[in-house]
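Residue numbers (the working numbering): 129 to 632.
Glycine included, each C-beta is placed from N, C-alpha and C at the ideal position.
Accompanying notes for the structure given below.
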């Protein structure tokens with residue numbers, strides 16, 4: 129018998145999920161993932177919730193935030209671009225160049241940017257620096273994108289920041305061929321909020337690419353390049369080298385470049401750019417890297433080699449080899465920021481480093497949100513991210529049978545993503561999220577059948593039904609047999625699943 133609240137002849141509370149989706153049709157789903165409330169599917173469990181804010185409890189504040197979101201929704205979304213920094217530069221000019229009032233660490237790459245940014249932020253905060261972090265997209269709340277001192281800004285502060293710079297936004301809009309986009313306005317808000325705080329250092333993740341990305345009006349003294357792979361090929365290029373050419377745009381004169389392991393052709397492009405602007409390069413596997421790692425309860429124990437020396441027995445509460453490499457990159461970036469390897473030949477305080485890494489959370493990245501059966505969320509949305517997640521879940525979890533729930537965007541390499549998960553999924557339930565960019569469930573099923581075979585694919589267009597179906601399939605293994613569910617394919621899918629599973 130099902131124990132979902134609302135079954136057994138009672139009204140189904142998940143019906144409100146559809147009502148909320150219907151109510152949000154006038155908004156860009158990429159702006160704010162649907163507010164489905166704290167609904168649960170069966171029992172809850174798992175680790176403490178990470179820093180993903182819910183809707184404001186105060187009705188007036190919630191109303192004001194919705195008004196800001198509605199105004200932002202009238203602007204170009206993040207998938208519509210006119211590659212130029214002219215508009216954001218004009219906004220910075222009328223705001224008095226707030227982005228020049230603090231040093232910055234700028235992060236680009238294809239995968240791992242947000243996790244790396246969170247690790248850098250945690251390390252800087254542990255060394256008693258006031259931090260600002262700007263990342264995208266968000267998992268559940270738009271306020272996640274702008275963080276101060278390691279936590280998302282409050283809804284009140286988000287609203288106040290928008291209202292403060294709104295007259296200047298409108299001034300720039302009136303002088304440009306195109307209005308500032310959604311992402312450009314948020315970038316302006318972040319830079320203004322950081323200056324107002326004020327922060328000691330900003331950790332900034334690019335939205336897409338690098339050269340013409342809206343974030344690229346800062347002069348990052350440290351430029352971080354996480355692994356480059358094929359994604360956004362219609363805008364960035366069809367080879368790692370072409371994509372690296374765009375991402376190399378964040379490398380400024382005399383900066384320090386912290387370079388994760390890269391395809392050879394991408395590395396060549398990045399190194400060439402560094403030479404052109406007299407930047408110093410530190411390469412993973414040469415100047416820094418992962419010395420050793422072993423699986424631990426809730427994460428892994430790693431030994432990292434930084435620019436100044438070795439950091440043994442660092443606990444990282446995140447799963448997967450890729451997160452260990454992200455940790456090495458983050459550590460090297462913070463060392464570079466403090467001058468380690470250039471002005472100082474020493475390590476950072478090991479106890480402080482250990483404390484910082486032990487506190488890192490990365491919502492929606494192999495995040496366990498309940499037990500019995502275990503449900504894991506991962507925002508992998510391209511083949512490289514899927515391969516990393518598939519390897520990590522096999523290492524960190526001993527599932528006897530893993531069921532996938534996949535809802536992907538139509539503009540992604542969905543076949544490549546499904547092929548990466550095929551070896552680890554016993555069955556896959558295909559669905560769709562509420563975004564206008566989401567691939568139709570039947571279209572996704574057609575590709576899934578070609579990859580998995582018809583007998584391993586189930587179609588559930590509604591995400592609540594897909595989660596229920598996957599949990600039921602996992603439970604067929606029996607209470608102690610170790611069945612599990614992985615929800616993946618899109619940040620939006622993960623965010624909506626997180627709400628449905630009571631984590632919002």
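Backbone secondary structure at residue i - three-state DSSP
{"i": "residue 439", "result": "strand"}
{"i": "residue 558", "result": "strand"}
{"i": "residue 445", "result": "coil"}
{"i": "residue 623", "result": "helix"}
{"i": "residue 276", "result": "strand"}
{"i": "residue 616", "result": "strand"}
{"i": "residue 550", "result": "coil"}
{"i": "residue 210", "result": "coil"}
{"i": "residue 203", "result": "coil"}
{"i": "residue 219", "result": "helix"}
{"i": "residue 266", "result": "coil"}
{"i": "residue 596", "result": "helix"}
{"i": "residue 234", "result": "strand"}
{"i": "residue 421", "result": "strand"}
{"i": "residue 245", "result": "helix"}
{"i": "residue 197", "result": "helix"}
{"i": "residue 532", "result": "strand"}
{"i": "residue 227", "result": "helix"}
{"i": "residue 182", "result": "coil"}
{"i": "residue 433", "result": "strand"}
{"i": "residue 153", "result": "Per-residue confidence for residue 153 stands at a pLDDT of 35, beneath the threshold of 50, marking its modelled position as unreliable; no derived number is given."}
{"i": "residue 412", "result": "strand"}
{"i": "residue 474", "result": "coil"}
Anticipated Cβ contact below 8 angstroms, residue i with residue j, distance rounded
{"i": "residue 330", "j": "residue 260", "result": "4 angstroms"}
{"i": "residue 354", "j": "residue 385", "result": "Wrong, their Cβ atoms sit about 12 angstroms apart, outside the cutoff."}
{"i": "residue 274", "j": "residue 318", "result": "5 angstroms"}
{"i": "residue 545", "j": "residue 520", "result": "Not confirmed; about 15 angstroms, so no contact."}
{"i": "residue 572", "j": "residue 619", "result": "Actually they do not touch by this definition, with Cβ atoms about 17 angstroms apart."}
{"i": "residue 246", "j": "residue 490", "result": "5 angstroms"}
{"i": "residue 74", "j": "residue 219", "result": "Summary: the structure shown does not reach residue 74, with the chain confined to residues 129 through 632, and so no result is reported for it."}
{"i": "residue 531", "j": "residue 598", "result": "4 angstroms"}
{"i": "residue 184", "j": "residue 283", "result": "4 angstroms"}
{"i": "residue 499", "j": "residue 442", "result": "So it is not a contact: roughly 27 angstroms between Cβ atoms."}
{"i": "residue 462", "j": "residue 248", "result": "6 angstroms"}
{"i": "residue 193", "j": "residue 287", "result": "6 angstroms"}
Whole-angstrom distance between residue j and residue i, CA atom to CA atom
{"i": "residue 437", "j": "residue 467", "result": "13 angstroms"}
{"i": "residue 492", "j": "residue 575", "result": "25 angstroms"}
{"i": "residue 266", "j": "residue 400", "result": "33 angstroms"}
{"i": "residue 305", "j": "residue 447", "result": "46 angstroms"}
{"i": "residue 634", "j": "residue 455", "result": "Residue 634 lies beyond the residue range present for the chain, which begins at 129 and ends at 632; the question has no answer from this structure."}
{"i": "residue 228", "j": "residue 320", "result": "10 angstroms"}
{"i": "residue 510", "j": "residue 524", "result": "21 angstroms"}
{"i": "residue 420", "j": "residue 427", "result": "14 angstroms"}
{"i": "residue 538", "j": "residue 567", "result": "4 angstroms"}
{"i": "residue 382", "j": "residue 225", "result": "21 angstroms"}
{"i": "residue 372", "j": "residue 397", "result": "6 angstroms"}
{"i": "residue 486", "j": "residue 251", "result": "10 angstroms"}
{"i": "residue 533", "j": "residue 595", "result": "7 angstroms"}
{"i": "residue 295", "j": "residue 230", "result": "24 angstroms"}
{"i": "residue 627", "j": "residue 405", "result": "46 angstroms"}
{"i": "residue 277", "j": "residue 181", "result": "15 angstroms"}
{"i": "residue 452", "j": "residue 302", "result": "47 angstroms"}
{"i": "residue 548", "j": "residue 435", "result": "34 angstroms"}
{"i": "residue 326", "j": "residue 459", "result": "24 angstroms"}
{"i": "residue 418", "j": "residue 337", "result": "26 angstroms"}
{"i": "residue 506", "j": "residue 617", "result": "8 angstroms"}
{"i": "residue 213", "j": "residue 527", "result": "47 angstroms"}
{"i": "residue 449", "j": "residue 222", "result": "44 angstroms"}
{"i": "residue 480", "j": "residue 464", "result": "16 angstroms"}
{"i": "residue 469", "j": "residue 553", "result": "44 angstroms"}
{"i": "residue 242", "j": "residue 257", "result": "19 angstroms"}
{"i": "residue 290", "j": "residue 569", "result": "36 angstroms"}
{"i": "residue 367", "j": "residue 540", "result": "16 angstroms"}
{"i": "residue 536", "j": "residue 592", "result": "15 angstroms"}
{"i": "residue 584", "j": "residue 281", "result": "43 angstroms"}
{"i": "residue 209", "j": "residue 307", "result": "11 angstroms"}
{"i": "residue 217", "j": "residue 402", "result": "24 angstroms"}
**Report entry** the region 554-572 in contact with the region 608-624 per 3-pair CB rule at 8 angstroms
**Finding:** The region 554-572 is in contact with the region 608-624.
Query raised in the report: Can you list, in chain order, the stretches of the alpha helix (DSSP H) that have 4 or more residues and sit fully within the region 343-398?
Result: DSSP runs (the alpha helix (DSSP H)) wholly in the region 343-398: 361-364, 368-375.
**Report entry** Stretch-stretch touch, CB-based, cutoff 8 angstroms, three pairs: the region 412-420 with the region 371-378
**Finding:** In short, these stretches do not touch, since the Cβ pair count stays below three.
Report task. Please list the segments of the alpha helix (DSSP H) lying wholly inside the region 291-351, counting only runs of 4 or more residues, in order along the chain. Result -> Listed in chain order, the complete alpha helix (DSSP H) runs (minimum 4 residues) inside the region 291-351 are 310-324.
Report task. With a floor of 3 residues, list each beta strand (DSSP E) that falls wholly inside the region 479-510, ordered by position along the chain. Result -> For the region 479-510, whole beta strand (DSSP E) runs of length 3 or above, ordered along the chain, are 495-498, 502-505.
Query raised in the report: Can you find at least 3 beta carbon pairs, one from the region 225-238 and one from the region 320-339, that sit closer than 8 angstroms?
Result: As far as the Cβ criterion goes, the region 225-238 touches the region 320-339, which means the pair count is three or higher.
**Report entry** the region 190-206 contacting the region 298-317, beta-carbon criterion three pairs below 8 angstroms
**Finding:** Three or more pairs of CB atoms, one per stretch, sit closer than 8 angstroms, so the region 190-206 contacts the region 298-317.
Requested in this report: Would you check if the region 496-514 and the region 473-480 touch, i.e. whether three or more CB-CB distances between them fall below 8 angstroms?
Outcome: Contact annotation: the region 473-480 does not touch the region 496-514, with fewer than three C-beta pairs closer than 8 angstroms.
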